[in-house]
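Quick notes on the structure that follows.
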Amino acid sequence: PSGWSLAVPCAIDNPDRVLENTVATYLATTTPASCATSCAAQGFNFAGVEFSDECYCGTGYVGGELPPEADVSECNMPCAGDVNATCGGPWRIQLYKSS
């Protein structure tokens, strides 16, 4: 959506998550745009897609630090909501931020 941009093309996620104050949804319609739109509607300024159908919203990066990056080839799972787009991978999250 307007005002959102790719912040980290492929970050390494972990069980504690890389975004602060995380809210997660798991939908068959997940795309980067649908995730960012959902997060914006809930008042969040960070969004991430992971493992095809996972959408994470957050208030920032844990500890205020950029999470470690993985090679972008590791974020290659097709989105549940659009097989022509990518939505992260196993423990790999594409992070978006609103301006």
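The sequence shown maps to residues 1209 to 1307 in the numbering used here.
The beta-carbon is built from N, C-alpha and C at its ideal position, and this holds for glycine as well.
Nearest to residue 1270 (by Cα), restricted to the options 1227, 1262, 1223:
Taking only the C-alpha atoms, the option nearest residue 1270 is 1227.
Quick check: the Cα distance between residue 1272 and residue 1209, rounded to an integer number of angstroms?
24 Å
Can you confirm whether the stretch 1235–1254 touches the stretch 1276–1283 when touching is taken to mean that 3 or more C-beta pairs between the two stretches lie within less than 8 Å?
no
Since residue 1306 contacts residue 1248 with CB under 8 Å, what's their CB separation in whole angstroms?
6 Å
In this structure, does DSSP put residue 1247 in helix, strand or coil?
Correct three-state label for residue 1247: helix.
Residue 1216: CB within 8 Å of a non-hydrogen atom of the ligand FMN
The ligand FMN is not among the ligands present in this structure, which contains no ligands whatsoever.
By alpha-carbon positions, which one of 1240, 1278, 1268 ends up nearest to residue 1229?
1268
On the DSSP bridge assignment, give the partners of residue 1227 in chain order.
1269
Among all the DSSP beta bridges, which residues are the ones paired with residue 1263?
Paired residues: 1233, 1257.
Short check: CB of residue 1243 to CB of residue 1265, under 9 Å?
yes
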